[in-house]
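In the numbering used here, the protein residues as written are 54 to 254.
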């Protein structure tokens, strides 16, 4: 089984590439989705996160208001590190459980784990290959504004807090540039898939 990390900057097109790889035959695990489950009521880290960040992060129905939580941690590296320390171990455990099941059923599978901060956390070392999705900075800003309903200033601030794409490139085995049209992105993704598949054959 080939374990592949899929990462990129803010609104760079990771999910689009991940979905395309899944259609081509890869198994896709979205770390962000697992993280949401883990901090939902009944999730492994829900109580610890509420205890650490206080009841003000809760929505009226009792779930975590992720925008409120993000506002607390993103300007404060220590608080962000604390949140990651509560959530990431549980995410990694779930990823490993899913990958073990896939390996048992399909030994030559390609498993792609889509996550925003694979490189920053050092968890890129868990993967055989790394795919980096990149886009022009102005495109990232425009996409984030449209997708998340944030202001230009907010999008820019988020972007500035991330590791520069030029740094991330040093860790990548494959780079997919989504600055062009969707057909161009799908073409690049297909090439990467064929390269990955040739490794497992």
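Built from N, CA and C at the ideal position, the CB exists for glycine as well.
Minimum length 3: unbroken beta strand (DSSP E) runs contained in the region 117-168: 163-167
Residue nearest to residue 252 in terms of C-alpha spacing, selected from 229, 164 and 233: 164
Tell me, please, whether the region 169-189 touches the region 91-99 by the rule of three or more beta-carbon pairs shorter than 8 Å. no
Candidates 116, 207, 78 and 209: which alpha carbon is nearest residue 155's? 78
Rounded separation between residue 169 and residue 130 - CA only: Cα-Cα distance, rounded: 16 Å.
With a Cβ-Cβ cutoff of 8 Å, do residue 102 and residue 117 count as a contact? yes
What residues match up with residue 82 in a beta bridge as DSSP calls it? DSSP output for residue 82 lists 166 as bridge partner(s).
Measuring only the C-alpha atoms, how far is residue 60 from residue 66? 9 Å
Report the option in 55, 56 and 63 whose CA atom is closest to the CA atom of residue 51. For the chain, the structure presents residues 54 to 254; residue 51 sits outside this window and is missing.
Tell me the DSSP secondary structure of residue 88 in three-state form. helix
With a Cβ-Cβ cutoff of 8 Å, do residue 187 and residue 245 count as a contact? no
Going by alpha carbons, who is nearest to residue 30 out of 122, 100 and 99? With the chain covering only 54 through 254, there is no way to say anything about residue 30.
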